[in-house]
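Here is the structure we will look at.
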Amino acid sequence: GQCLAAGRGRGLTKIACRFISVWFEYGVESPDITKMVTQAIPSLAVGPLAPFVYQLASRLDAAEGGQAAFQQALDALLLRIVPHSALGLWPLLQLRNGDQVPKGMRNASQHVADTKKIA
Numbered sequence: 007g008q009c010l011a012a013g014r015g016r017g018l019t020k021i022a023c024r025f026i027s028v029w030f031e032y033g034v035e036s037p038d039i040t041k042m043v044t045q046a047i048p049s050l051a052v053g054p055l056a057p058f059v060y061q062l063a064s065r066l067d068a069a070e071g072g073q074a075a076f077q078q079a080l081d082a083l084l085l086r087i088v089p090h091s092a093l094g095l096w097p098l099l100q101l102r103n104g105d106q107v108p109k110g111m112r113n114a115s116q117h118v119a120d121t122k123k124i125a
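Dropping the structure here:
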């Protein structure tokens, strides 16, 4: 998180990728990692994280059981990214409106909404 907080230098996208990978791999099992991510969110450089907004949004789910802290941190991170990157808004709108695909639209049957992600 400290490298991303500095927000300067080359290779920040690679660092952001590793940061997200470690968090996704161990964040639910190890609450300390999610706690560290939560503490780092306010100071993270947003630019290197923006390319991963689709991966982040895909992890959104109802905050149940042991995933509540993970989901809260994920929400906070997405809320931090979206005001700085218009591209961050699209996956959230798609998730929110995923159940509103018109029946007459071409390939409408291929759109299946995950109702747990629609709030």
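Okay, so the sequence shown: first residue is 7 according to the working numbering, each after it adds one. The beta carbon of each residue, even a glycine, is placed where N, CA and C say it ideally should be. Here the structure is a predicted model, which means the values were calculated and not measured.
Anticipated Cβ contact below 8 angstroms, F58 with A22, distance rounded: Position 52 of the sequence shown, counted from the first residue, corresponds to residue 58. Position 16 of the sequence shown, counted from the first residue, corresponds to residue 22. Confirmed, Cβ separation roughly 6 angstroms.
Could you spell out where the alpha helix (DSSP H) holding R24 opens and where it closes? The sequence position of residue 24 within the sequence shown is 18, counting from 1. That run of the alpha helix (DSSP H) goes L18 to Y32.
Contact between the segment 76–94 and the segment 41–53: three or more CB pairs below 8 angstroms? A contact exists between the segment 76–94 and the segment 41–53.
Nearest-angstrom Cα distance between A56 and G110? For the purposes of this step, residue 56 is taken as the residue at position 50 of the sequence shown. For the purposes of this step, residue 110 is taken as the residue at position 104 of the sequence shown. G110 has its alpha-carbon roughly 33 angstroms from the corresponding atom of A56.
Considering just the uninterrupted stretch of the alpha helix (DSSP H) at Q45, what are its terminal residues? As a first step, residue 45 must be located in the sequence shown, where it is residue number 39. Segment P37 to A46, the alpha helix (DSSP H) holding Q45.
Any idea what DSSP makes of P97, helix, strand or coil? As a first step, residue 97 must be located in the sequence shown, where it is residue number 91. Secondary structure of P97 (DSSP, three-state): helix.
Give the range of the alpha helix (DSSP H) segment to which F76 is assigned. On the sequence shown, residue 76 is found 70 positions in, with the first residue counted as 1. Counting along the chain, the alpha helix (DSSP H) containing F76 begins and ends at A74 to I87.
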